[in-house]
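Position in the sequence shown (first residue = 1) + 2 = this note's numbering.
For every residue, glycine included, the Cβ atom is placed at its ideal position computed from N, Cα and C.
Comments concern the structure below.
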Amino acid sequence: MGKNKLKIGEFSRLGRVTVRALRHYEEIDLLTPEIVDRDTGYRYYSVGQLQKIFSITKLKSMGYSLEEIRDLWDDEQHFPTVESLEEKIRKCEDELAVLKERKRMLKAVVASQKKLHKMEKVYFESLPAITVASHRTIIPSFDDLGRLCYEVIGPEMARLGCECPEPGYCYTIEHGGYKPQDIDIEYCEKVTKKGTDSALIKFKDIPAVPLAACLKVFGSYDKLYDNYVELFA
């Protein structure tokens, strides 16, 4: 064969297309070998046919089907008209709108699943009536709550003879809403019975709660607010 004739494997490498694709192009009469050896069945392409294979690849990347590309070459246009290209642009815009809507729906499902996952941490139960020893004050920041318990509340409850059941149960109330500093906070701890009020400790009967949303957090207290943020995000 002459130097301008390429075996199918050579043409495949130069044209950056698979041999399988070339055979398919031949089957649909899109690109046929220039010569087929009757004795061996070998297929030979010309160097000039590389231009066509490059054109086919480009048109495919622009969204044209093989049938559309074949029709172009049958009409000897070799390249789409402006009207045809504009029609492809409109189709792209339609497909983009569909994809955007699909993306919106997927994001909504993801958000729903995340919310469901968060809600798995929450459980509901009734809370019994309890008696608490309460101390209300203003602290500079939440970091000062621990020191307040150990240095003020604990010693005063011990002095008053308070008995706390096992396991211990305590909670805080932030009066006036969340504030990062100068926090009006009330610390309450469950006790077995009421005692005599003092300047620091007041005893209160807390009524039962028929149904409360509860959240379990394992670990240090500094994880509490991270879990609150995650839960209500």
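- Sequence-distant Cβ neighbours of V193 in its own chain, meaning closer than 7 Å and more than five residues away, are T133, V134, A135, C164, E165, C166.
- Within a 10 Å sphere around the beta-carbon of L98 sit fewer than 16 other beta-carbons, which makes this residue exposed.
- Comparing alpha carbon positions, the residue from V21, K218, G17, L101 closest to Y125 is K218.
- In the three-state scheme derived from DSSP, where H, G and I count as helix and E and B as strand, A214 is classed as strand.
- About 20 Å separates the Cβ atoms of E168 and I203, ruling out a contact at the 8 Å cut-off.
- In the three-state DSSP reduction, V38 falls in the strand class (E or B).
- I175 carries a strand assignment under DSSP once its states are collapsed to helix, strand and coil.
- The beta carbons of I187 and T139 sit about 7 Å from each other, so the pair counts as a contact at 8 Å.
- Assigned with DSSP and collapsed to three states, E158 falls in helix.
- Under the DSSP assignment, D76 falls in the alpha helix (DSSP H) whose first and last residues are 68 to 76.
- Between the alpha carbons of I10 and E103 lies a gap of roughly 44 Å.
- Assigned with DSSP and collapsed to three states, F13 falls in helix.
- The beta carbons of I55 and V19 sit closer together than 7 Å.
- The count of Cβ pairs closer than 8 Å, one atom from the region 68 to 84 and one from the region 24 to 34, reaches three, so the stretches are in contact.
- The beta-carbon distance between V211 and S128, rounded to whole angstroms, is 6 Å. This is short enough to meet the 8 Å contact definition.
- In the three-state reduction of the DSSP assignment, V219 falls in the coil class, being assigned neither a helical nor a strand state.
- Put simply, of R22, R25, D199 the residue whose alpha carbon is nearest the alpha carbon of R161 is D199.
- The alpha carbon of C172 has as its nearest neighbour, out of R106, I155, L16, the alpha carbon of I155.
- Ranked by how close their Cα comes to the Cα of H137, the residues F13, L24, E176 have E176 in first place.
- Looking only at R22, V49, E88, the smallest Cα-Cα distance to K7 is reached by V49.
- Distance from the Cα of C190 is smallest, within the candidate group Q183, L213, L147, G179, for L147.
- Beta bridge pairing from DSSP links T139 with I187.
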